[in-house]
Structures are given as C-alpha cells and as structure tokens.
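**Student:** Residue numbers (my numbering): 1 to 201.
My structure is below; once you've seen it, I'll send some questions.
Laid out in structure tokens, this is it:
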C-alpha cells in the first residue's frame with residue numbers, strides 16, 4: 001500500500017511538472033492577442049506578443065550598436081575597388097568639362113596643357129580627395145540610415161504565428177528537454193512527498 005502511494009504521488013508529480021512546463025512553453029507565444037478573464041479581471045497574453053515592441057527596440061539597438069552600424073555597411077560598400085572607380089569618374093568628369101566648357105577659340109594645345117596640369121593635380125591629390133568624398137558620403141548617409149528603427153519595424157510587422165513557428169523549430173530540442181525536465185522534477189518531488197507521508201505515518 002505504501003509503495004502504491006509513493007508511485008501514485010510520484011506519477012501525479014511527474015504529470016503536473018510536465019504539464020506545467022509544457023504550458024510555460026506555450027505561454028511564451030499564446031495567446032497572441034490579450035484575452036480577458038472576467039472573474040479575475042486579468043488579461044492573459046503570451047509573453048513575447050505582450051513585450052513585442054520592447055523586444056524589437058532592444059534587438060534593433062543591440063544590432064545597430066554592437067553588430068551592424070550604418071557606417072559599417074557603407075564602409076563595406078565603398079571599398080578599395082569602389083574608391084578607384086570614384087577616382088576615375090572624377091577624372092573623366094573634369095576632362096569632359098574642360099573639353100565642353102572651354103571656348104572653342106582656345107587652341108587644342110592649350111587645352112591639352114590645362115588637361116595635363118589638372119591630371120597631375122588629380123594624380124597627386126586624388127586619393128585624398130576621394131577619401132574626403134567617401135568620408136562625407138558615409139557621414140551623410142549614416143545619419144539618414146536608422147538601422148535600429150528598420151529592424152524594429154520589421155520585427156513588429158513580422159507575423160507572430162510565423163515567428164512562433166521559427167522559434168519553436170529552432171529550439172524544439174531544448175524546449176522538449178525543458179518539458180521532460182519538468183516531468184522528472186515533478187516525479188522526484190512526488191516521490192519525496194510519498195516518502196515523507198510514509199515516515200510521518
């Protein structure tokens with residue numbers, strides 16, 4: 001009889017522990033929208049849907065601050081090859097302006113001298129000029145690109161059921177272990193209760 005009592009209490013404890021952890025996992029997302037409980041005057045909503053805006057803000061700020069800033073993105077786009085292209089574009093643009101804007105009465109040889117002089121300046125100072133242009137682009141573009149706000153908006157607009165599916169698929173093994181652990185702990189507690197009851201009797 002005592003043995004059956006211990007097994008019964010341990011089994012009940014295991015079921016309670018497993019169900020409790022199962023519900024805890026489900027309540028991470030469910031229900032998506034607040035459900036009012038009339039008698040208790042409480043609103044029940046999943047933890048993640050309820051704190052969605054705060055989570056989105058936190059993730060956005062963390063990514064922008066610690067992982068991926070606007071400056072990083074633009075700097076990556078404007079790499080060495082792109083700087084060389086910018087240098088060539090500037091050089092060609094100046095050559096075009098000289099040929100098109102200088103009056104036709106100016107001899108070609110004189111235009112060539114001007115072109116040669118400007119080319120020499122560009123070749124000497126071009127790298128510095130391009131660096132200044134790129135730095136200006138990065139500063140202006142970075143101030144207009146708000147990574148944190150973009151990520152926050154994307155998270156808030158993402159369907160909650162789809163987010164739940166993704167998270168549960170990624171963490172399904174870990175969440176299953178949590179459920180099993182709840183059952184094991186519940187079984188152990190029930191077993192201990194049964195032993196205490198027997199000892200008291």
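Note that beta-carbon positions come from the ideal geometry of N, C-alpha and C, so glycine has one too.
Here the structure is a predicted model, which means the values were calculated and not measured.
Output yes or no for whether 7 angstroms exceeds the beta carbon distance between residue 64 and residue 147.
**Tutor:** To locate residue 64, count along the chain shown from 1; it is residue 64. To locate residue 147, count along the chain shown from 1; it is residue 147. Their beta carbons are under 7 angstroms apart, which means residue 64 touches residue 147 by this criterion.
**Student:** Just mark residue 130 as buried or exposed, buried being the case when its beta carbon has 16 or more other beta carbons within 10 Å.
**Tutor:** Along the chain shown, read from residue 1 onward, the residue named residue 130 stands at position 130. Burial call: buried.
**Student:** Per the contact definition of three or more C-beta pairs closer than 8 angstroms, is the region 158-170 in contact with the region 27-38?
**Tutor:** Short answer: they touch.
**Student:** Check whether the region 110-119 and the region 89-98 are in contact - that is, three or more C-beta pairs closer than 8 angstroms.
**Tutor:** Yes, the region 110-119 is in contact with the region 89-98.
**Student:** If I follow the unbroken alpha helix (DSSP H) through residue 36, where does it start and stop?
**Tutor:** Here residue 36 refers to the residue found at position 36 of the chain shown. Per DSSP, residue 36 belongs to no alpha helix (DSSP H); it is in the beta strand (DSSP E), 35-37.
**Student:** Measure the CB-CB distance between residue 10 and residue 152 and report whether it falls below 7 angstroms.
**Tutor:** Locating residue 10 in the chain shown gives position 10, counting from the first residue. Locating residue 152 in the chain shown gives position 152, counting from the first residue. Result no, Cβ atoms of residue 10 and residue 152 do not sit closer than 7 angstroms.
**Student:** Are the Cβ atoms of residue 2 and residue 180 separated by less than 7 angstroms?
**Tutor:** Taking the chain shown and counting its residues from 1, the one referred to as residue 2 is at position 2. Taking the chain shown and counting its residues from 1, the one referred to as residue 180 is at position 180. Contact flag unset, no.
**Student:** Kindly indicate the opening and closing residues of the alpha helix (DSSP H) around residue 154.
**Tutor:** Here the question's residue 154 lines up with position 154 in the chain shown. Segment 147-157, the alpha helix (DSSP H) holding residue 154.
**Student:** Taking residue 13 and residue 187 to be in contact with their CB atoms under 8 angstroms, please state how far apart those CB atoms are, rounded to whole angstroms.
**Tutor:** On the chain shown, residue 13 is found 13 positions in, with the first residue counted as 1. On the chain shown, residue 187 is found 187 positions in, with the first residue counted as 1. With a Cβ gap of about 6 angstroms, residue 13 and residue 187 count as contacting.
**Student:** By how many angstroms is the C-alpha of residue 169 removed from the C-alpha of residue 8?
**Tutor:** Start at 1 with the first residue of the chain shown, and residue 8 comes out as number 8. Start at 1 with the first residue of the chain shown, and residue 169 comes out as number 169. Rounded to the nearest angstrom, the two C-alpha atoms are 34 angstroms apart.
**Student:** State the DSSP-derived secondary structure class of residue 43, mapped to helix, strand or coil.
**Tutor:** As a first step, residue 43 must be located in the chain shown, where it is residue number 43. Residue 43 falls in the strand class under three-state DSSP.
**Student:** May I have the straight-line CA-CA distance separating residue 34 from residue 48, to the nearest angstrom?
**Tutor:** Counting from one through the chain shown, the residue named residue 34 turns up at place 34. Counting from one through the chain shown, the residue named residue 48 turns up at place 48. The alpha-carbon atoms of residue 34 and residue 48 are separated by roughly 12 angstroms.
**Student:** Taking DSSP as the reference, what is the three-state secondary structure of residue 201?
**Tutor:** Position 201 of the chain shown holds residue 201. Here residue 201 sits in coil by DSSP.
**Student:** Within a Cβ cutoff of 6 angstroms, which residues of the same chain sit near residue 193, ignoring the five residues on either side of it in sequence?
**Tutor:** For the purposes of this step, residue 193 is identified with residue 193 of the chain shown, where counting begins at 1. 9, listed in sequence order.
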